[in-house]
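Below you'll find the structure, written out as structure tokens, and then a few comments.
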Amino acid sequence: MTHFMKQTKLVNAAGAIQEPVAKTLALYFAADWCPDCRDFQPKLNDFYSKVNAQTHQLDIVFVSSDATEDDQLAHFREKQGPWLAIPFHDTLRDELKRK
């Protein structure tokens, strides 16, 4: 895993801790209240499916800008692919959003 994420435990949509397995890791900054994010989401889902059709080459990590943990979880579970996320209360989430 990349150096800046070594202290962070990523989770899947069920809330279980999961390590990335792909060589390539993409950070996806989004919020459900964001119209541009809602428009982009289906395109990213399609891209993810196509890239990983033969072998798992790409992991996407959701970095939420949703207002609450409940909003983040709903957004993650209902609209995104089988990705990983930085937990809502993890300090890395806020640090990455500031960069």
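To convert, note that position 72 of the sequence shown is 72 in the UniProt record's numbering; the numbers rise steadily by one, no gaps.
Positions of the beta carbon are idealized from the N, C-alpha and C atoms, including for glycine.
- By the neighbour-count criterion, in which a residue is buried when 16 or more other Cβ atoms sit within 10 angstroms of its Cβ, ILE86 is buried.
- LEU10 carries a coil assignment under DSSP once its states are collapsed to helix, strand and coil.
- Taken atom to atom, the span from the alpha-carbon of LEU25 to that of ARG93 is near 15 Å.
- If the five residues before and after LEU58 are omitted, its C-beta is found closer than 7 Å to the C-beta atoms of ALA22, THR24, ALA26, TYR48, VAL51 and ASN52, all from its own chain and listed in chain order.
- Inclusion of GLN41 and ILE60 in the CB contact set at 9 Å is not warranted, their separation being larger than that value.
- Ranked by how close their Cα comes to the Cα of SER64, the residues THR55, GLN54 and PHE76 have PHE76 in first place.
- Here SER65 carries a coil assignment [DSSP, helix/strand/coil].
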